[in-house]
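For reference, the structure discussed in these notes is given below.
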Amino acid sequence: MNRTVDVLVVGAGPAGLAAAARLAAAGAGRVEVLERERAAGGAPRHCAGPGFGADALGRPLDGPAYARRAVRAALRAGATVRTGVSVTGWAGPLTLDVTAPTGLERVRARAVVLATGARERPRSARLVPGSRPAGVLTTGELQRTVLRFGPRAEYIGRRAVVVGGDEPVTRGAVRSLRAAGVEVAAVVSELRVRRGAFGSVPVLGGTVVTEVVGRGRPSGVAIRGEDGRTATLRCDTVVFTGDWIPDHELARARGLPLAPGTRGPATDGAFRTAEPGVFAAGNLLRGVEPAQAAAAEGRAAAVAVLERLAGRPWPLRRVPVKTEGPLRWVSPALLGPEAVPLLVRPERRLVRPVLTVAQDGVPLRRERLGGSPAPGRSLRLPPRWTTGVDPAGGPVVISAAE
Amino acid sequence: MTVTRTGPLPPGADASTYDVVVVGAGVVGCAIARTLARHPLRVALVEAADDVGDGTSKANTAILHTGFDATPGTLEARLVREGHRLLSAYAGEVGIPLEPLGALLVAWDERQQAALPRLAEKAERNGHRTTRLLSAVELRVREPHLGPGARAALEVPGEAVICPWTTTLAYATQAVRSGVDLHLNCRVEKVRPGDPYHRLVTRRGELRTRHLVNACGLHADAFDALLGREDFTVTPRRGQLLVFDKFARDLVRHILLPVPGPLGKGVLITPTVYGNVLLGPTAEDLEDKTATGTTAEGLAGLREQGGRILPALLDEEVTAVYAGLRAATGQEDYRIAAHPALRYVTVGGIRSTGLTASLAIAEHVRGLLADCGLDPGPERPLARIRMPNLGEASDRPYRDARLIAREPDFGSIVCHCERVTRGEIRSALTSTIPPGGLDGLRRRTRARGGRCQGQDCGAEVRAMVEEYGEGAR
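Protein chains in written order, with the numbering used here: chain A, 1 to 402; chain B, 1001 to 1473.
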């Protein structure tokens, strides 16, 4: 079946739903969100903890409540949200192939917003050696499993080791395990982590998991500390957290270039990819920011989509922006003439670093930051950092020095 | 036709007395059982693990070899050549994914380049006359992503990639539907040889059989010992492998084989029928027949070698990492032997070519059983089967509009990475030989086998196992 819509949004998480709500409210025409999972709302659906803002009365929202509100807002605005519907590929520019229980579809849109989110790298992608028992999970699988089955030891074990860092997703895994009655033997982190970052759970910073041991279920993990000392932690469950990789498959299937640092599709400050009419927003761009940040991007992308629908031409020239020094990535990956905010993720904790933005070797801005940015969260640089970029010039480089 | 997994074996002399018992349900044992199922015999296939193909057969390089590089004149050389022909035809008949990509043996230095004509001669002696030497320029046209330094190659048409899981499962399914009893979780602990019946003591009770076939793979020597034979020792040779994401598939068009040399066999890079790229294997001689773990050194070594062959490969995500053990016996040939006095056939030392040779081995074993006094009786046709398609070379259910219209569950994708539908998972869980667990389900459907390794679908798949799996019935 061939159909045409005005805007097709792929992914009903915070970014996709926020974009759809804004677009539908602004009269963009038929706005359709396709979600491959059986329920809309995205990753927050599985996160029982706080960190999702508050409702109108100031009561804190948990993930599922946040997800429900986001879905409701999109529907109320007039967007169509379809679940259990999978986009499987591109049939041409702005035309997507779809598989649903109701049959195959080919949907053409005037604009496409990719909001497919990110996933945690599983154990295999991290190349952690050893045996292959069941009970080696990511936070995502852990939380979905608990949500589906409750605290069943056959699936989530009794004593877990959590691998991660001082970041929300690792805390989320620890919280989910403890709420399910699973003892957390330790949090193991390659980076140094402050003591007490996980309450009473022991933290082993500067430590790597060198092997998963056990048949059927894990019997433990072998670890090695910075000083070279090794040990085995007894456990029957291992949860690998964080280490995000964007779910960029649709973007790549269309041949959209990726940003080297983030592995998300390269976009400019208006969420425009390399292909006219195709936008990308949210955690697809660079792994995980909080849901509210992803939603804000979805809303901002909607503004750019509306401009596109109104006939604004796709920019021809944009310059790449990249990082140097102890910075893992910067987003967006392309800069046009407009000054836009930048998200920058440090590789390790930096103490009052001096940040420099330069183009063709000429510094555009240099500032010492007050705090100590950490690898678990992004640094948001306001638009003034990107004023004066020459869209006809060479790559923009952002670097940090302590 | 029975499949049992738990509880005592069917009691009574009639129910547990067989003409032939095949011990070991790997690709070879299943092939033998299927071949014997053509005859009016009572046949049982007995397996220690909880699924068919759960040992060496599940963790290999998934290549259908031509046997071009076998040692001419060996049994292996003959059975691989025949097996290649038989399995190619069978794959088409029952729907085993197979892609005849052809192989390139790539030479990276002068010594390897000098070895190519000799390999071409060897191939000719093995009956393969279509190999061809490629210059560096021709090679670059064929494989534009090869790393710098590729000097020449020998092209071997006919080398193919195949789905090893579907192959084993197809044999076993066809055997069971044609009347073979399959007893899983049924390790044979003792054999009491006798006349006219041998008695097999298993963890689940006793079986009686006139003839016995040892297809125990890595444990073939231990099983031989149960009958007092000590003809060879099996040394597990571990092969670690890396499976790269589907985005790596465009980087390689052929099976890229190393040129064997004094420093070992080297690693290969090959597409898989699932649309991934495989890098490996290592070759480590071990003592422990259960050491299927991977090691940091092994994986680092593979990445280093793979990066030289196909540099862009290392930029892609790794989907899966695994290790398999092949059965080395210190002899560059199979160890297949009939022991007529014991009415017993040992099928040992089936090395990495066992998948390819499986159907020819089965024919050969049928002959050896006759030498041991088995009168198989007349032949009859096997039950017809059609396996679910796991391969990317032909359409999968999620793209099949007519199937979805008939059964909407085939339009409901559960495993998004591998695009496995609810309909496929349900079918596998209710099939002739249902999976024993999530890993068996993965080998039947690809569910949970993709880049997220079950992060998205793991819970949903478990729920389906609870709903439709064996425990639910």
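Ideal Cβ positions, reconstructed from N, Cα and C, are used throughout, including at glycine.
Beta-carbon neighbours of residue 1458 of chain B, restricted to chain A and to distances below 8 Å: In the second sequence, residue 1458 of chain B corresponds to position 458, counting from 1. Correct list: 137, 141, 144 and 145.
Alpha carbon to alpha carbon, how far is residue 1223 of chain B from residue 243 of chain A? Sequence index remark: in the second sequence, residue 1223 of chain B carries index 223 (1-based). Sequence index remark: in the first sequence, residue 243 of chain A carries index 243 (1-based). In this structure, the CA atom of residue 1223 of chain B is about 46 Å from the CA atom of residue 243 of chain A.
Under 8 Å between C-beta atoms of residue 118 of chain A and residue 70 of chain A: By 1-based counting over the first sequence, the position of residue 118 of chain A is 118. By 1-based counting over the first sequence, the position of residue 70 of chain A is 70. Contact flag unset, no.
Between residue 1188 of chain B and residue 1046 of chain B, is the Cβ-Cβ spacing less than 8 Å? Taking the first residue of the second sequence as 1, we reach residue 1188 of chain B at position 188. Taking the first residue of the second sequence as 1, we reach residue 1046 of chain B at position 46. Cβ atoms of residue 1188 of chain B and residue 1046 of chain B: closer than 8 Å.
Quick check: is the beta carbon of residue 134 of chain A nearer than 8 Å to any beta carbon in chain B? Walking along the first sequence from the start, residue 134 of chain A turns up at place 134. Residue 134 of chain A counts as touching chain B.
Cβ-Cβ distance between residue 162 of chain A and residue 174 of chain A below 8 Å: Within the first sequence, numbered from 1, the residue matching residue 162 of chain A stands at position 162. Within the first sequence, numbered from 1, the residue matching residue 174 of chain A stands at position 174. Yes. Within cutoff.
When you compare only the Cα positions, how much space is there between residue 10 of chain A and residue 112 of chain A? On the first sequence, position 10 is the one that residue 10 of chain A refers to. On the first sequence, position 112 is the one that residue 112 of chain A refers to. Approximately 8 Å, taken between the alpha carbons.
Take the Cβ of residue 200 of chain A as the centre, count every other Cβ of all protein chains shown within 10 Å, and call the residue buried at 16 or more, exposed below. Residue mapping note: residue 200 of chain A aligns to position 200 of the first sequence, counting from 1. Residue 200 of chain A comes out exposed.
Kindly identify the DSSP beta-bridge partner or partners of residue 1240 of chain B. As a first step, residue 1240 of chain B is located in the second sequence; it is residue number 240 there, counting from the start. In DSSP, residue 1240 of chain B forms a bridge with B:1323.
Output the boundary residues of the alpha helix (DSSP H) element that contains residue 1164 of chain B. Looking up residue 1164 of chain B in the second sequence gives position 164. Here the alpha helix (DSSP H) through residue 1164 of chain B covers 1164-1177.
Quick one: give me the first and last residue of the beta strand (DSSP E) that residue 97 of chain A is part of. Here residue 97 of chain A corresponds to residue number 97 of the first sequence, with the count starting at 1. 95-100 is the span of the beta strand (DSSP E), which, as asked, contains residue 97 of chain A.
Considering Cα atoms alone, identify which of A:397, A:286, A:278 and A:13 is closest to residue 306 of chain A. Within the first sequence, numbered from 1, the residue matching residue 306 of chain A stands at position 306. Nearest C-alpha to residue 306 of chain A: A:278.
DSSP state of residue 1030 of chain B mapped onto helix, strand, coil: Position 30 of the second sequence holds residue 1030 of chain B. Residue 1030 of chain B sits in a helix when the DSSP states are folded into three classes.
Mind checking the segment 1436-1455 of chain B against chain A and listing, in chain order, the residues whose C-beta falls within less than 9 Å of any C-beta there? Considering only beta carbons, the part of the segment 1436-1455 of chain B lying closer than 9 Å to chain A consists of 1437, 1438, 1439, 1451, 1452, 1453, 1454 and 1455, in chain order.
Determine, for residue 1296 of chain B, whether the minimum Cβ-Cβ distance to residues of chain A falls below 8 Å. Here residue 1296 of chain B refers to the residue found at position 296 of the second sequence. Residue-level contact by beta carbon holds for residue 1296 of chain B and chain A, with a gap shorter than 8 Å.
Could you give the distance in angstroms between the alpha-carbon of residue 1170 of chain B and the alpha-carbon of residue 1387 of chain B? Counted from its first residue, the second sequence places residue 1170 of chain B at position 170. Counted from its first residue, the second sequence places residue 1387 of chain B at position 387. Answer to the nearest angstrom: the Cα atoms are 7 Å apart.
Secondary structure, beta strand (DSSP E): runs of 3+ residues fully inside the segment 87-170 of chain A: Fully enclosed beta strand (DSSP E) runs of 3 or longer: 95-100, 103-114, 118-120, 136-138 and 159-163.
Start and end of the beta strand (DSSP E) containing residue 223 of chain A? One-based indexing of the first sequence puts residue 223 of chain A at position 223. Looking at the DSSP string, the run of the beta strand (DSSP E) that includes residue 223 of chain A is 220-225.
Quick check on residue 1292 of chain B - is its C-beta less than 8 Å from some C-beta in chain A? Taking the second sequence and counting its residues from 1, the one referred to as residue 1292 of chain B is at position 292. Taking Cβ atoms only, chain A reaches closer than 8 Å to residue 1292 of chain B, which makes this a yes.
Minimum Cβ-Cβ distance from residue 350 of chain A to chain B less than 8 Å: Here residue 350 of chain A corresponds to residue number 350 of the first sequence, with the count starting at 1. Residue 350 of chain A does not count as touching chain B.
Could you compute how far the alpha carbon of residue 1243 of chain B sits from the alpha carbon of residue 246 of chain A? On the second sequence, residue 1243 of chain B is found 243 positions in, with the first residue counted as 1. On the first sequence, residue 246 of chain A is found 246 positions in, with the first residue counted as 1. Looking at the two C-alpha atoms, the distance is approximately 19 Å.
Would residue 141 of chain A pass as a contact of residue 1454 of chain B if the rule is Cβ separation under 8 Å? The residue labelled residue 141 of chain A in the question sits at position 141 within the first sequence. The residue labelled residue 1454 of chain B in the question sits at position 454 within the second sequence. Result yes, Cβ atoms of residue 141 of chain A and residue 1454 of chain B sit closer than 8 Å.
Should residue 182 of chain A and residue 209 of chain A be called a contact, given that it needs their Cβ atoms to be closer than 8 Å? Translated into the one-based positions of the first sequence, residue 182 of chain A becomes position 182. Translated into the one-based positions of the first sequence, residue 209 of chain A becomes position 209. For residue 182 of chain A and residue 209 of chain A, no; Cβs fall outside 8 Å.
Given 7 Å as the limit, tell me if residue 1223 of chain B has its C-beta closer than that to any heavy atom belonging to the ligand FMN. With respect to the ligand FMN, the structure offers nothing, as it holds no ligand at all.
Give the interface partners of residue 80 of chain A over in chain B, defined as CB-CB distance under 9 Å, in chain order. Sequence index remark: in the first sequence, residue 80 of chain A carries index 80 (1-based). Neighbours of residue 80 of chain A in chain B, taken as residues whose beta carbon is under 9 Å from its own, are absent, since the nearest beta carbon is some 18 Å off.
Is it the case that the segment 54-74 of chain A contacts the segment 341-349 of chain A, given that we only count it when at least three CB pairs across the two stretches are under 8 Å? No, because fewer than three Cβ pairs between the segment 341-349 of chain A and the segment 54-74 of chain A fall closer than 8 Å, the two stretches do not touch.
What is the rounded straight-line gap between the Cα of residue 1034 of chain B and the Cα of residue 284 of chain A? Residue numbering aside, residue 1034 of chain B sits at position 34 when the second sequence is read from its first letter. Residue numbering aside, residue 284 of chain A sits at position 284 when the first sequence is read from its first letter. Computed Cα separation, rounded: 49 Å.
Where in the segment 1102-1157 of chain B do unbroken runs of the beta strand (DSSP E), each at least 3 residues long, occur, reported from the N-terminal end onward? The qualifying runs are 1103-1107, 1132-1135 and 1152-1156.
Which residues in chain A sit within 7 Å of residue 1405 of chain B, going by Cβ to Cβ distance? By one-based count along the second sequence, residue 1405 of chain B stands at place 405. Within chain A, the residues near residue 1405 of chain B are 103.
In the DSSP output, which residue or residues are listed as bridge partners for residue 359 of chain A? Locating residue 359 of chain A in the first sequence gives position 359, where the first residue counts as 1. Residue 359 of chain A is bridged to A:362 and A:396.
Less than 8 Å between the CB atoms is what I'm expecting for residue 170 of chain A and residue 1413 of chain B, so what's the real figure, rounded? Your numbering for residue 170 of chain A matches position 170 in the first sequence. Your numbering for residue 1413 of chain B matches position 413 in the second sequence. Rounded, the Cβ-Cβ distance is 30 Å, inconsistent with contact.
Looking at C-alpha atoms only, which residue of B:1087, B:1136 and B:1227 is the closest neighbour of residue 1338 of chain B? One-based indexing of the second sequence puts residue 1338 of chain B at position 338. Answer by Cα proximity: B:1227.
Chain A within 8 Å of residue 1128 of chain B, Cβ atoms only: Position 128 of the second sequence, counting from 1, holds the residue named residue 1128 of chain B. It does not; no Cβ of chain A falls within 8 Å.
Here's a check: name, in chain order, each residue in its chain whose Cβ is nearer than 6 Å to the Cβ of residue 121 of chain A, leaving out the five neighbours to either side. For the purposes of this step, residue 121 of chain A is taken as residue 121 along the first sequence, with counting starting at 1. Taken in chain order, the residues that qualify are 243 and 245.
Members of the segment 120-132 of chain A that neighbour chain B once the beta carbon cut-off is set at 9 Å: Listed by position along the chain: 120, 121, 122, 123, 124, 125, 126, 127, 128, 129, 130, 131 and 132.
Could you spell out the range, first to last residue, of the beta strand (DSSP E) harbouring residue 381 of chain A? As a first step, residue 381 of chain A is located in the first sequence; it is residue number 381 there, counting from the start. 379-381 is the extent of the beta strand (DSSP E) around residue 381 of chain A.
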